[in-house]
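J.:
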Amino acid sequence: MGDMTGTAPRSTFVVPARYVDGYETARARDPDMAERYIRHTTVGDPLADQAVEQLARVVAPEHVHRVIASTVDRYDDPPKDTPEALRELIRSAAFVPDWFDPEIAMKATRAFLRNSDMVLGGLVGGAIVEGFSTLISKSFRIRGRITLNGVRRLKQNTLQLTEQFMPGGLEPGGDAWKLSLRIRLVHAQARMLIRQSDEWDAPEVGMPLSMAHMLLGAAAFSGRLMQHVRRLGGDFSREEREAYVHVWRYTGLVMGIPESIMFRDQASAIRTFQVAAMCEPPPDDDAIIMANSIVNSAPLLLGFKEIKERRKMAAFIYQVSRELIGNDLADSFRFPKSRFVRQLPLLFLRNKAGMVAVKASPRLLAYRSTARFNALLDASDLGELEHSYALPTTLHDEDSRDW
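Note that this note's numbering has the sequence shown beginning at 24, numbered continuously upward.
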């Protein structure tokens, strides 16, 4: 249970058993942030959770896509027969806070397009892998289809990343806004299915796909990712890094993270990631499975189909990932041991040299940015599933309707 510190009484709260040791460690670093994080390990997404629960009661699975799509497409005037909980979710997600500045977002867009390959590299080799070091890995492992869903998960993360940095993408009705809502609803549906099963021990590990994990993910994909991009040779200026986090701060709100716990700039995003990671228990078998599935899925995302090519690329990604996340975490994941030649300094020099070359030629810069963007679009192609609002129907994905 939470306790009392100092002279002022503090309300008690439940600390899931697996978090007890990490919470004590994190409190020494930042007691307030550690408490906020742990409190949210037992919290889901009330609006989205209510929406999927009502959908399950009143809408047949084969009609879920139509109902959600019609509501999202007409977010400002949803159909009269829209379930009330879904209507409330969409209404809430359409709120744009006063602090969000499209001009700042445009600075992030320009920097993202200029550095998109390094952002993708930092995402796959660093931020996503680090995210799966947490207990969120248990939710994804339980749902199954590890390799197939690993590729799909990478495509979806890449697509969200791409769409949210397109002009207008995050505005209500924009493609990134719609995709963020879809991900939010899928998380809520998975949370409902997992909680209904006997495979989840809430007193031990808290809420599946908890709001704490949503916060850690947003911090990992923003402030922490900018650290990885810098090590890969990215040329985001300080102002552009802050702009990148500015966009993710808004994305987090659309994804349901309460503004009261959301980071505000890169420094607070990095601190949030660090303290949250300290709260988490050491990686277990689920984390090992999920982290390795991401690395082994990445070559498929990048278009490598021959087994020999895929293995070679996976070995390279393992090495880069180890250098980004550090030997301790890489060893916890049972990643292959480090090669003699480190890859990160070579990537840094190659990417920096490339930046110098293209800056000398505006035409070459435009061509390179376009080529990188097209490569991102190829990597994030979900086909027909890109525009689907269908939701999983069973705990284990192999038994579910297509979604």
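In this text, a Cβ means the ideal position worked out from N, Cα and C, and glycines have one as well.
#1: So, with DSSP's three-state summary, where would you put residue 299?
#2: Can you check whether the CB of residue 269 is closer than 9 Å to the CB of residue 128?
#3: Can you grab the Cα-Cα spacing for the pair residue 28 / residue 410, in whole Å?
#4: Looking only at its chain, what residues have a beta carbon closer than 7 Å to the beta carbon of residue 168, apart from the 5 residues adjacent to it on each side?
#5: If you drop the 5 nearest sequence neighbours on each side, which residues of the same chain put their C-beta closer than 6 Å to that of residue 292?
#6: Starting from the N-terminal side, write out each stretch of the alpha helix (DSSP H) that is 4 residues or longer and does not extend beyond the stretch 228 to 315.
#7: Rounded C-beta distance between residue 235 and residue 300? I'm assuming under 8 Å.
#8: Assuming the contact rule is C-beta atoms closer than 8 Å, residue 183 and residue 151 should be a hit. Round their C-beta distance to whole Å, please.
#9: Report the rounded CA-to-CA distance for residue 211 versus residue 251, giving the unit in angstroms.
#10: Considering just the uninterrupted stretch of the alpha helix (DSSP H) at residue 200, what are its terminal residues?
#11: Please state whether the Cβ-Cβ distance between residue 90 and residue 109 is less than 9 Å.
#12: Using the rule of at least 16 other Cβ atoms within 10 Å of the residue's Cβ for burial, across every protein chain shown, is residue 186 buried or exposed?
#13: Classify residue 195 as helix, strand or coil using the three-state DSSP reduction.
#14: Quick check on residue 418: buried or exposed, where buried means 16 or more other Cβ atoms within 10 Å of its Cβ?
#15: Return helix, strand or coil for residue 352, following the three-state DSSP convention.
#16: Give the single residue among 69, 224, 370 whose Cα lies nearest to the Cα of residue 41.
#17: Please classify residue 178 as buried or exposed, where buried requires at least 16 neighbouring CB atoms within 10 angstroms.
#18: Below 8 Å CB to CB, which residues in the same chain sit around residue 304 once its five sequence neighbours on both sides are set aside?
#19: Drop a sphere of 10 angstroms on the beta-carbon of residue 424, count the other beta-carbons inside from all chains shown, and report buried for 16 or more, exposed for fewer.
#20: Shortest alpha-carbon distance to residue 188 belongs to which of 134, 347, 343, 35?
#21: Grouping DSSP H, G and I as helix and E and B as strand, with all else coil, what is residue 344?
#22: Straight-line CA distance for residue 255 to residue 101?
#23: So, under 8 Å CB-CB, residue 213 and residue 232 are touching, yes? Tell me the CB distance rounded to an integer number of Å.
#24: Please list the terminal residues of the continuous alpha helix (DSSP H) segment that includes residue 160.
#25: For residue 283, which of 290, 289, 275 has the nearest alpha-carbon?
T.: In short:
#1: Counting from 1 along the sequence shown, the entry for residue 299 is found at position 276. Correct three-state label for residue 299: helix.
#2: Taking the sequence shown and counting its residues from 1, one reaches residue 128 at position 105. Taking the sequence shown and counting its residues from 1, one reaches residue 269 at position 246. In this structure, residue 269 lies closer than 9 Å to residue 128 by Cβ.
#3: On the sequence shown, residue 28 is found 5 positions in, with the first residue counted as 1. On the sequence shown, residue 410 is found 387 positions in, with the first residue counted as 1. Because the pLDDT at residue 28 is just 41, under 50, the model does not fix this residue reliably, and the value given afterwards should be weighed accordingly. Roughly 49 Å between the two C-alpha positions.
#4: On the sequence shown, residue 168 is found 145 positions in, with the first residue counted as 1. Excluding sequence neighbours, residue 168 sits near 420, 421.
#5: In the sequence shown, residue 292 corresponds to position 269, counting from 1. Excluding sequence neighbours, residue 292 sits near 242, 245, 246, 268, 286.
#6: 234 to 242, 248 to 254, 261 to 277, 289 to 302
#7: As a working note, residue 235 is residue 212 in the sequence shown. As a working note, residue 300 is residue 277 in the sequence shown. With 8 Å as the limit, residue 235 and residue 300 do not qualify as a contact, their Cβ atoms being about 11 Å apart.
#8: Mapped onto the sequence shown, residue 183 falls at position 160. Mapped onto the sequence shown, residue 151 falls at position 128. About 12 Å separates the two Cβ atoms, so there is no contact after all.
#9: Reading the sequence shown from its first residue, position 188 is the one you call residue 211. Reading the sequence shown from its first residue, position 228 is the one you call residue 251. Going from the Cα of residue 211 to the Cα of residue 251 covers about 30 Å.
#10: Counting from 1 along the sequence shown, the entry for residue 200 is found at position 177. That run of the alpha helix (DSSP H) goes 198 to 218.
#11: Counting from one through the sequence shown, the residue named residue 90 turns up at place 67. Counting from one through the sequence shown, the residue named residue 109 turns up at place 86. The answer is yes: Cβ separation under 9 Å.
#12: Here residue 186 refers to the residue found at position 163 of the sequence shown. Buried: at least 16 other Cβ atoms inside 10 Å.
#13: The residue you call residue 195 lines up with position 172 of the sequence shown. Residue 195: coil per DSSP, three-state reduction.
#14: Start at 1 with the first residue of the sequence shown, and residue 418 comes out as number 395. With 16 or more other Cβ atoms within 10 Å, it is buried.
#15: Indexing the sequence shown from 1 puts residue 352 at position 329. Helix.
#16: Along the sequence shown, read from residue 1 onward, the residue named residue 41 stands at position 18. Among 69, 224, 370, the Cα nearest to that of residue 41 belongs to 224.
#17: Against the sequence shown, residue 178 aligns to sequence position 155. Buried, because 16 or more other Cβ atoms sit within 10 Å of the Cβ of residue 178.
#18: Numbered from 1 along the sequence shown, position 281 holds the residue referred to as residue 304. The answer, listed in chain order, is 41, 42, 44, 45, 158.
#19: Position 401 of the sequence shown holds residue 424. Looking at its Cβ environment, which holds fewer than 16 other Cβ atoms inside 10 Å, residue 424 is exposed.
#20: Position 165 of the sequence shown holds residue 188. Taking only the C-alpha atoms, the option nearest residue 188 is 134.
#21: Position 321 of the sequence shown, counted from the first residue, corresponds to residue 344. Three-state result, residue 344: helix.
#22: Within the sequence shown, residue 255 is the residue found at index 232, counting from 1. Within the sequence shown, residue 101 is the residue found at index 78, counting from 1. Whole-angstrom Cα-Cα distance: 45 Å.
#23: Translated into the one-based positions of the sequence shown, residue 213 becomes position 190. Translated into the one-based positions of the sequence shown, residue 232 becomes position 209. With 8 Å as the limit, residue 213 and residue 232 qualify as a contact, their Cβ atoms being about 6 Å apart.
#24: Locating residue 160 in the sequence shown gives position 137, where the first residue counts as 1. First-last of the alpha helix (DSSP H) with residue 160: 159 to 166.
#25: To locate residue 283, count along the sequence shown from 1; it is residue 260. The shortest Cα separation from residue 283 among 290, 289, 275 belongs to 275.
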